[in-house]
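Residue numbers (UniProt numbering): 1 to 213.
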Amino acid sequence: MAHRSCLQQAERCDDTRADADTTKDVIIDSMAKSTIYSALVLRDGFYQILMRESDIPLTAVSTPSGMLWEWLVMPQGLKDTPATFNRCATHLLRSVRDFVPSYFDDVFVHSRAVNGKTDVKVHKEHLRKLLGLMRKHKIYASLKKCIFGASEIPILGCLVGKNGGRPDPEKVRVISEWSTLSNVKKLRQFLGLATYLCKYVENYARFARCRSF
């Protein structure tokens, strides 16, 4: 079993300015016209970003041994660390962003046939460019979580292929097999889960509103 350290600093988070993220729909829509896909998951994402030297003392934490430890890399538990990592990955991959969108530690590659080249050949070229950048910037991926050369890949809670995005069948199954709603709490839980399907269901907002009161 793997263990992961996490920093809890509520006061430090309160002093941190909120950051913005890329919207998921923009990424999914940008991949819709491609025909071949790969997906990579970056390994230990936060730990690949060094802390600014002047900020290292702010991460100090006492331990049961009586020693004071400071983080040299970006820890988990601080406000906006996900957004910081997301922005860093987007910046490092900016030269290939036309075919390599990223969302936090998920990196996607999408390609289609162009200029007489097959989609497979173009995809290999795209992968070489991406892997070259990852090697240059020392960005590492978890090989066992990667998918290469697929006609459809799971992305941000749905499946994306040449026909666009569609809901994950497993998530649809969970929603369709949900038990009878017997109280307001269960209704809210169901609506929170079912919101996942809002972009795929016509007049979903009207349906949900009628059941929210």
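Even for Gly, the Cβ is constructed at its ideal location relative to N, Cα and C.
Excluding the 5 residues preceding and the 5 following residue i in the sequence, name in chain order all residues of the same chain whose CB lies nearer than 6 Å to its CB.
{"i": "residue 185", "result": "none"}
{"i": "residue 115", "result": "none"}
{"i": "residue 123", "result": "36 and 111"}
Sort out for me which residues DSSP pairs residue i with in a bridge.
{"i": "residue 37", "result": "110 and 150"}
{"i": "residue 62", "result": "68"}
{"i": "residue 158", "result": "155 and 167"}
{"i": "residue 50", "result": "73"}
Answer yes or no: do residue i and residue j have a C-beta to C-beta separation smaller than 7 Å?
{"i": "residue 190", "j": "residue 197", "result": "no"}
{"i": "residue 92", "j": "residue 137", "result": "yes"}
{"i": "residue 56", "j": "residue 70", "result": "yes"}
{"i": "residue 158", "j": "residue 165", "result": "yes"}
{"i": "residue 63", "j": "residue 75", "result": "no"}
{"i": "residue 40", "j": "residue 113", "result": "no"}
{"i": "residue 111", "j": "residue 119", "result": "yes"}
{"i": "residue 42", "j": "residue 105", "result": "yes"}
{"i": "residue 127", "j": "residue 109", "result": "yes"}
{"i": "residue 100", "j": "residue 130", "result": "yes"}
{"i": "residue 167", "j": "residue 200", "result": "yes"}
Can you tell which of the options has its C-alpha closest to the C-alpha of residue i?
{"i": "residue 27", "options": "107, 208, 127 and 137", "result": "107"}
{"i": "residue 46", "options": "77, 40, 54 and 36", "result": "77"}
{"i": "residue 84", "options": "143, 62 and 51", "result": "51"}
{"i": "residue 23", "options": "54, 100, 156 and 146", "result": "156"}
{"i": "residue 82", "options": "94, 67, 66 and 44", "result": "44"}
{"i": "residue 148", "options": "170, 125 and 135", "result": "125"}
Between residue i and the rest of its own chain, which residues show a CB-CB distance below 8 Å, the 5 nearest in sequence each way excluded?
{"i": "residue 151", "result": "35, 36, 37, 161 and 162"}
{"i": "residue 146", "result": "38, 39, 40 and 41"}
Using a Cβ-Cβ cut-off of 7 Å (strictly less than) and excluding sequence neighbours within five positions of residue i, which residues of its own chain qualify?
{"i": "residue 195", "result": "none"}
{"i": "residue 13", "result": "Because the pLDDT at residue 13 is just 48, under 50, the model does not fix this residue reliably, and the value given afterwards should be weighed accordingly. If we look at residue 13 and ignore the five residues flanking it on each side, its Cβ neighbours are 78 and 79."}
Is the Cβ of residue i closer than 7 Å to any Cβ of chain E?
{"i": "residue 163", "result": "Here chain E cannot be found, since the structure has a single protein chain."}
Continuous beta strand (DSSP E) assignments of at least 3 residues falling wholly in the segment 86-132: 106-111
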